[in-house]
Each structure stands twice: as C-alpha cells, then as structure tokens.
Amino acid sequence: MSAMASQYHAVTLIASPSYPNAIAWSSDNLVAVASGHIVTILNPAALDGPRGVVGLRRCDPFPIGVVSREDLFEPCLVSTSLARDAEPCARSISWSPQGFAPNSGCLLAVCTVDGHVKLYRSPIWEICDEWIQVADISQLLFSYYKTINFGEDNGSHLTSLKNINTEETEVLGSTRELQDPLSRRGPGQRKRKLPRVDDYIYDGNKDDLDASNDADFSLKSCSKSEKKSSKKTAKHGHGPVSVNGQGSTGNSKASLSSNGGNKSAPLITAKQYACRDARLSSVIVAWSPLVSSSDKISCLWRHWCILAVGSKAGNVSFWKLYKPEYYTIDAGVVNSDPMLIGVLQAHKSWVSAITWEVSSEGSSKSSLLLATGCSDGSVKIWLANIEGLNRCTNLEEVPFALVAEVTTDLSAPVSAISLAVPAGSQYEVNLAIGRVSGSVETWICNTCSRKIENTNACHAHDQVVTGLSWGMDGYCLYSCSQDNSARCWIYNGNHLEEIPVHTNFPESKESTDLSEVSNRCFGLTLAPGEQMIAVVHGLDLNVLDQMYQARTQKAVVEFIWIGGQFVGIPLDRSIDVCNPQSTILSSSNFLWWGSNILWSLKKYENVEKGLALWDVVAALQGFKKYAPTFLETLMDMWISALFSGDPQCVSIDSPSCSRQDMLPSVSLRKLHLLNIICRKVMLSNHAQLGPDAENGNDSKTEFWNTLLIRSERELRERLVGFTFAAVLKRTAYSFNDTSTENIWFPVGVAQMDSWVTMNDGEVHNQLKYLRSRIKDLGNRVNSACGYSVEETCPYCSAPVHFESADVAICRERHTLTRCRASMILCSVLQPVWHCVCCGGMVDKLLPQSFFTMQASHLDANQDEGSLDLSGPAVPLCPFCGVLLQRSTPAFLLSTSPV
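Here the sequence shown stands for residues 31 to 928, where the numbers follow the numbering used here.
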C-alpha cells in the first residue's frame with residue numbers, strides 16, 4: 031500500500047494462505063481465512079478472543095477406475111503420475127447467505143487443494159472450537175457421476191456435455207496443470223525442480239507459455255521439508271499415483287494398472303481416467319445471493335440459494351440448498367441437504383473464478399447473474415431466471431443462458447472477478463477482472479441487449495491479482511496482489527482512478543507498517559456495512575525473530591477503515607463540519623465519513639438485508655469518544671430523515687410530542703435501527719433509564735433515553751397486536767376448516783392480555799379492540815393459541831403472577847426471565863436464544879412476516895386477513911432485529927452483529 035493504512039486492528043495467524051481470494055466476510059459478521067492446512071474463523075469485534083477452526087484432513091481417493099500398464103505413460107496422465115503428496119490445504123472458501131445453518135447463521139463452503147468440497151457449520155451445541163461438517167459435496171458429485179457413468183454413455187443427463195467427446199482432447203490438455211503452487215515451479219522448466227525463489231511473476235511476453243499452466247495460483251513459499259518430501263512417493267487427489275524423485279513410476283503401476291490387484295474399479299482408458307479425474311477435481315466455490323420463490327406444491331414462500339462449484343474440466347455444478355424448516359440451538363438434526371440441480375459446461379479449461387449477483391432485484395422478473403473466469407483467459411456472464419432455477423429439482427437442464435463473453439488478446443489466466451449492479455440500474459452490470467499478469471479490467475454488460483463494452487484496462491499490479499471486490503454499489507473497486515499491494519479505485523464509468531487505501535481515524539494508534547514484515551497479499555474482503563476492509567498478508571519469515579515469531583506467526587489479517595475516504599458516492603454536503611474537533615481528521619474526512627455512514631444506514635433500511643452493522647457501530651463509537659460534536663450533528667441528521675424523510679421536520683430540538691406522534695408511522699426496520707443506535711452508540715456509556723426513573727441533567731442523554739423508551743413501547747404494542755391478529759386468523763381458519771399445519775402458533779396470549787390491561791390508559795385503541803375480539807372467542811381461543819394464565823416457578827413450583835413483561839418474581843423470591851417475544855417464562859432446562867444488543871432472552875420465536883411487514887396491525891385499516899403466518903419462525907430479536915444466538919462460554923467463538 032502506498033501509505034500507512036489506519037488499522038482498526040491486526041491479528042496474526044499460525045498458518046499462511048496459499049491461494050488467492052483467501053479471506054471472506056460473512057453476512058453475520060465472521061471472517062474466514064483459508065490459512066493453509068486449516069481455515070481460521072475470527073470475530074472482528076474480538077480479534078484477541080477465541081477463534082473457530084476448520085481442520086482439513088486427507089480424503090480417500092474416489093474409485094474412478096484403473097488403466098492398463100501400457101497406458102501409464104500417456105501424455106494425459108503426466109500430471110497425475112508426477113503429482114506430489116501435499117498436506118491438506120484450503121484452496122477456496124465462500125460463505126452462504128445468513129439463515130442456512132441450524133441456528134440461522136451462515137454455512138462455510140471449503141474447497142481443498144485435492145479437489146474436495148465440504149460444507150461446515152458453527153459448533154452450536156458441541157461446545158468446541160472446531161466447526162462441524164454437514165455435507166460432502168464431492169462425495170455427492172461422485173455418486174451422481176457414477177450413476178451416469180461419468181457422462182460417457184449415450185443419453186447422458188449431464189447438461190451441455192452432448193459434445194464431450196469432441197471437447198475431450200481440449201479438456202485433457204488442461205489437466206496437465208501442475209498441482210504444486212506457483213512458487214514451486216518456474217516458466218519453461220522441463221523438470222519439476224523446486225525453485226529457490228518464492229515469488230512468481232507472470233511474464234506476458236512469453237509466447238510459448240501455456241495459459242492453462244497458470245490456473246493453479248498458489249503463492250505459498252516452499253519449505254525445506256516440502257523439498258525433501260517431493261522425492262517421496264505420494265497419492266493424487268482422485269487417482270492415487272506414486273512417483274519417485276527421478277520421475278519414473280513406482281507404485282503407479284499398482285494403483286492405476288489393472289495388474290496391480292485393484293479388482294473393484296473398472297478398467298478404463300487413460301483419457302477416461304484423466305477426464306473423470308478433472309471433472310471430480312473442484313477448484314473454486316461460490317454461493318449465490320439469497321433468493322425467494324413460491325412453492326407450487328405447498329404454496330409456501332421458500333428461501334434458497336445455490337452453491338456453484340467449478341472444476342478442472344471447465345464445468346460448473348450447481349447445488350440448491352433451502353433454508354431449514356425450523357431453527358434450533360438445542361442438540362438435534364435439522365435436515366437441509368444440498369441438491370444437485372445440474373452441471374454446466376462453462377469452459378474448456380479450469381474454472382478459476384466464480385461470482386454471483388442479482389439482477390433486477392425486487393421485480394417480478396428477478397434473475398441471477400453468474401460470471402465465470404477460466405485459466406485460458408476468458409470470462410463468461412450467464413443469466414438464469416429465478417423461477418426457472420426454482421423448478422430445477424432433479425437434474426434438469428439448468429436454465430443458464432450465455433449473455434456475454436469476454437475475449438481479449440491477453441492470454442493471462444483469470445485469477446479474480448467481481449460483479450456489481452449499479453444503484454438504479456435495471457439492466458447494466460459492472461464486471462471487474464483480475465489476471466495473473468497483474469492487470470485489472472472493467473466492463474459494462476447490458477443484460478437486455480447482451481452487449482458488453484470494455485471501459486478500462488490497466489496494469490494495476492506487478493504480480494498476480496489475488497483479490498477483487500466492488501464496493502458502494504459499484505462506485506469503487508478494491509484490488510490486491512501477490513506483490514503485497516492493496517489499492518482502491520474510483521470507477522467513473524469509463525476509467526479507473528486510484529486513491530490511497532488509508533483513512534485517518536481518531537481512534538487509531540501508531541502501529542507497525544505491515545509492508546515491512548509482509549511479502550505478499552492473498553485477498554481482501556469488505557465488511558457488511560462497507561466501512562472497513564480486511565486484507566490478509568503472508569509474513570516474511572526472514573525478518574521475524576526465528577525463535578519466537580517465525581514459528582507461530584505465518585500471516586496477518588489487517589482490518590482497515592475505509593469510511594473516511596471518498597469512494598464515489600454522492601456527498602451529503604449538509605453535514606456541518608465547520609469546526610472539526612480532531613487534528614487527525616480534516617473537514618473532508620468528516621464529510622466523507624458522514625456521507626458513507628448515512629449511505630450505509632440507508633442500505634440497512636431494506637428488510638432483506640440482515641442487521642449486521644458492527645463496523646458502522648464501531649465507527650460511531652469512535653466518534654463518540656473523539657469527536658462527540660460531529661457525532662451529535664450526524665445523528666441529528668439521521669434521526670430527522672429516519673422519522674419523516676424531511677430533515678427540517680424533526681430534530682433533537684423538536685417537541686417530544688411531535689416525535690411520539692410519528693413513531694406509529696415509522697417502519698419496523700427503522701425502529702430496530704433506532705434501538706441499536708440508541709443502545710450501542712448514544713447511550714453506550716450511560717445506564718438506560720426505565721420509564722419511572724429520574725432522568726439525568728444531560729439533555730442529549732435524556733433525549734435519546736426517552737426516544738429509546740418510546741420506541742420500545744411502540745415495538746411492544748406492535749408485537750402484541752401482531753400476536754392478537756394471528757390468533758384471530760387461526761380462529762378464522764378453524765371456522766372455515768382450513769388447515770393450520772404450517773401456520774405459526776402464538777403463545778403467551780394470556781400474558782399479553784394482562785399487559786394490555788395493566789397499561790389500559792396508554793396503549794393504542796386498536797390494541798384494545800383486538801383484545802376485546804380475543805375475549806369474545808371464549809373457549810375457542812385455546813385451539814387457536816397457547817392461552818394459559820397460570821404460571822409456576824420452575825425452582826419451587828410456587829405460582830407466578832404477571833407483573834412485568836420482562837421479569838417475574840415468585841413468592842420465594844426467585845427471579846425469572848420472561849421471553850421478549852411472548853412474555854411467558856423462559857425455560858431453565860433448555861437453552862434459550864439471547865440478544866447481544868439488548869440482552870433480552872427469547873424462548874418462542876416469531877415468524878419472518880413480523881420483521882418484514884410494512885404496516886402495523888395497530889392501524890385500523892389493517893386487516894388480519896392479509897397477515898402471512900406461513901414459513902418458519904426466525905431467531906431475530908423483536909426489539910433490535912439482530913440475529914439471536916445461544917449464550918456460549920467466553921472461551922468459544924460467537925458472533926457480534928452490533
């Protein structure tokens with residue numbers, strides 16, 4: 031980097047990455063790093079705290095067949111015969127959207143260097159630091175290929191493999207890829223002798239250089255032990271081959287030859303073996319964004335995503351995964367198995383990069399965009415209708431249509447790609463391509479006219495581009511390289527303009543310039559709120575202390591603030607920065623920080639985006655400490671726009687009655703954002719006062735505390751109104767003999783009735799009307815909901831009377847916690863959900879429709895008939911909207927959405 035970056039923090043790793051795109055940031059605020067033989071999982075809010083780990087283990091090769099002894103020296107088996115046995119190493123990682131793990135978290139897909147792909151989840155109930163495997167994609171893919179005889183029979187169901195015989199020779203040419211990392215070989219070498227120099231620089235002037243040989247972009251340095259082990263026998267990932275240091279086959283005759291005693295595998299030709307091995311050797315994984323569609327059989331709204339897996343044969347397999355039918359933090363089995371829906375022959379060589387994007391999001395004709403990059407230098411953009419993908423349930427032809435193909439005179443392989451749909455654009459999409467040569471290209475593709483135009487091509491880096499990511503809806507582009515540089519580019523539509531990747535932030539302290547101790551960069555990723563990036567570097571072990579540092583510090587993850595730089599979005603010049611309070615930040619820095627934070631908070635008003643805004647909250651907390659006047663000005667602007675959209679209508683100085691009158695018209699998501707900012711920023715250093723407590727003398731604190739109390743009161747009334755409306759709808763279903771099997775079952779109705787009675791003079795009139803209708807149901811209410819007035823203490827069996835919506839005390843003075851969603855007593859025998867923002871406990875979850883509804887059921891014009899109670903209940907806090915989780919010991923990794 032050209033200048034010292036303003037670090038939030040930097041944390042070291044015990045193992046170094048080996049391949050590009052080695053870091054990924056999940057939508058629930060966890061950072062995964064493919065660090066060699068393990069995948070390290072970090073919580074950016076507690077970098078010095080516990081970590082999660084995915085331990086990679088060797089997998090048995092698949093029995094794809096044996097070849098005759100005389101075929102062992104066929105050219106297509108050279109790479110297999112010369113393969114070296116390497117330790118397990120992570121090659122590609124990707125996070126799923128939030129909601130696909132049993133606790134509604136994210137799943138992690140890991141592709142290893144031996145071509146195996148597996149899915150992992152967090153150890154929810156195992157109480158350990160190692161993540162749990164939930165699916166073996168490679169085993170499922172092998173089972174599929176085995177049933178169709180690897181597509182070699184006539185009438186194969188393999189999508190786009192009708193002409194596989196004619197393309198077989200080209201595919202086999204790409205399987206001659208050297209399996210070792212780039213640092214272990216040099217261009218033009220005839221023998222596989224390990225070079226002394228670790229760095230690899232792509233020579234674009236070499237005409238005889240095979241582009242496909244650059245698909246294996248490992249950047250890991252070669253140790254002495256690895257050099258010694260290269261002379262020993264080893265096994266290949268899917269076809270075990272043993273080779274000695276002289277290159278003559280040793281045990282390969284026993285493992286590949288039919289004379290070696292392997293009677294269970296079929297006898298196949300050398301080309302068949304190489305082709306089968308290439309199809310099973312996965313290289314890259316990428317999850318699609320979350321999509322929703324209606325199930326025509328059950329008429330339920332289903333949420334799903336697709337995992338794309340690229341292979342050395344040039345094909346991409348697609349695996350559909352639905353959200354679980356229910357969520358749990360207790361030990362159990364939640365079935366949500368990946369389903370293969372098809373295989374697409376995308377390229378004729380290695381698929382080296384994959385990325386997804388949603389086109390025309392929110393419209394009735396939304397589509398998924400898929401971009402695939404290849405080791406031959408080509409990039410293709412595919413378009414698939416979401417409804418068409420939803421109908422793919424049993425290996426039907428995947429409805430991906432080729433929109434555009436990028437072919438240039440550059441033969442350098444593709445190492446990274448990124449897609450972005452600009453804000454307000456319906457058909458245009460921005461495409462960025464990073465290559466092994468260090469060049470970065472930008473293209474604009476029109477999905478309607480299917481035309482693509484090159485807008486910029488520059489030599490951005492000196493070596494392999496190892497990371498590429500659009501930010502701020504395509505306004506800026508971030509890139510990093512093997513040459514240890516990370517850069518930010520402003521995209522003006524027809525050219526890229528570089529700006530320094532550094533941001534002066536008041537909280538930052540003097541720290542070591544990592545460029546002095548690191549020697550290469552393996553990837554970068556953006557935080558969910560896009561106010562921070564994480565960059566992973568490999569450390570130069572020669573400059574570290576060999577006794578204490580070099581043994582345990584192999585790489586470092588650097589977290590860098592980017593919110594205080596101009597990134598291309600329109601600036602909000604109404605932000606008052608006339609009197610900056612910091613000598614570090616200029617007026618421009620304050621203006622950029624304010625505009626970027628307001629932009630991010632505006633994005634979170636979309637109910638489809640999960641509330642994981644830790645980086646935004648962390649930045650605001652820093653301003654509260656070092657620039658409080660700027661924070662107050664910024665939050666005054668935000669709260670004004672939040673209530674009415676007109677900054678002149680509501681401000682901190684406005685009468686409190688006007689703000690209270692506006693709360694019922696504010697959307698639920700905005701109220702959740704308001705509660706988060708109140709609790710975690712504006713009142714983080716103050717005790718939050720109750721309704722009957724005396725307010726302090728600080729007028730600003732009193733304002734935010736009063737706003738929080740009234741906001742939570744509004745949310746509680748909406749929650750009670752939603753529950754009452756759900757009871758009435760279930761009663762109507764029963765009266766009409768309509769099935770209520772998949773309808774949410776309300777509980778705690780009696781407690782909510784008591785709460786409304788206790789606050790009869792303050793609650794909304796519509797809430798009283800709904801309660802009267804519940805009373806009119808009589809005994810029929812028991813079949814529509816859980817209606818139980820009597821509660822007993824789980825410790826002494828004494829009766830517990832309802833006195834508060836949050837806590838209860840029995841006559842033996844046992845203090846009990848009430849569920850924030852249902853007001854019933856929380857279980858003391860089973861684990862309950864916990865909110866890290868407000869600290870509340872939830873025993874019974876609410877349906878997704880509560881968090882996405884636009885209008886409140888306290889509105890007299892709102893009919894309970896329009897209420898959607900189908901679908902699973904989701905672990906979200908009714909007062910904060912953040913993801914609930916299980917309370918874990920301090921020595922285990924947990925998420926921090928705020």
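Glycine included, C-beta positions come from ideal geometry on N, C-alpha and C. These numbers were taken from a predicted model, which means no experiment stands behind them.
Helix, strand or coil: which one does DSSP assign to residue i?
i, result
"Q219", "Model confidence at Q219 stands at a pLDDT of 36, short of 50, so the residue's coordinates are unreliable and nothing is read from them."
"Y352", "strand"
"P127", "coil"
"P908", "coil"
"L72", "strand"
"P47", "coil"
"C708", "helix"
"G185", "Note that G185 has pLDDT 45, beneath the 50 cutoff, so the model's placement of it is unreliable and the number below is only indicative. Looking at G185 - three-state DSSP - the assignment turns out to be coil, as it is neither helix nor strand."
"R850", "coil"
"S479", "coil"
"G403", "strand"
"E117", "coil"
"G808", "helix"
"M562", "strand"
"M871", "strand"
"G267", "For G267, the pLDDT reaches just 38, beneath the cut-off of 50, and the residue's location in the model is therefore unreliable, although a value from the coordinates is still provided. Reduced to three states, the DSSP call for G267 is coil."
"P658", "helix"
"P877", "strand"
"A580", "coil"
"E724", "Reliability of the predicted coordinates at E724 is poor, the pLDDT of 43 falling under 50, and the value obtained from them is presented with this limitation in mind. In this structure, E724 counts as coil in the three-state DSSP scheme."
"L650", "helix"
"H39", "strand"
May I ask which residues mark the beginning and end of the alpha helix (DSSP H) holding residue i?
i, result
"Q375", "From DSSP, Q375 is part of no alpha helix (DSSP H) but of the beta strand (DSSP E) over 369-375."
"L749", "729-765"
"G624", "617-633"
"K148", "From DSSP, K148 is part of no alpha helix (DSSP H) but of the beta strand (DSSP E) over 147-151."
"L170", "167-177"
"C305", "300-310"
"W785", "779-788"
Whose C-alpha, out of the options, is nearest the C-alpha of residue i?
i, options, result
"V647", "E662, N619, Q561, R465", "Q561"
"S122", "V339, A76, S318, R88", "V339"
"S955", "I416, I359, V346", "Residue 955 lies beyond the range of the chain shown here (31 to 928); nothing can be said about it."
"L86", "I162, L413, N73", "I162"
"I336", "P296, R709, N415", "N415"
"D645", "I563, N636, N619", "I563"
"L913", "E842, T731, P927, S322", "P927"
"W623", "F589, E792, T663", "T663"
"L297", "V97, D58, K633", "V97"
"A113", "P127, V143, L138", "V143"
"P118", "W334, V84, P50", "V84"
"K633", "L693, P558, T402, C141", "P558"
"N735", "S56, I707, F589", "I707"
"V531", "C518, D898, F832, H525", "C518"
Less than 8 angstroms between the beta carbons of residue i and residue j, yes or no?
i, j, result
"A490", "V470", "yes"
"A814", "S764", "yes"
"V451", "V444", "no"
"K350", "M369", "yes"
"T177", "V586", "no"
"V573", "V547", "yes"
"A62", "A75", "no"
"L713", "L738", "yes"
"Y357", "P908", "no"
"I463", "L310", "no"
"H750", "P47", "Looking at the sequence itself, residue 750 is Val, so the reference to His does not match. No."
"G82", "D159", "yes"
"I447", "V433", "no"
Give the range of the beta strand (DSSP E) segment to which residue i is assigned.
i, result
"A62", "61-65"
"A585", "585-591"
Would you verify that the beta carbon of residue i is, or is not, closer than 8 angstroms to some beta carbon of chain C?
i, result
"L374", "Looking at the structure shown, chain C is missing, and only one protein chain is on hand."
For the region 405-429, list the alpha helix (DSSP H) runs that are entirely contained and at least 4 residues long, ordered along the chain. 416-421
In chain order, what are the residue ranges of uninterrupted beta strand (DSSP E) at least 3 long that sit wholly in the region 487-527? 495-501, 506-511, 516-521
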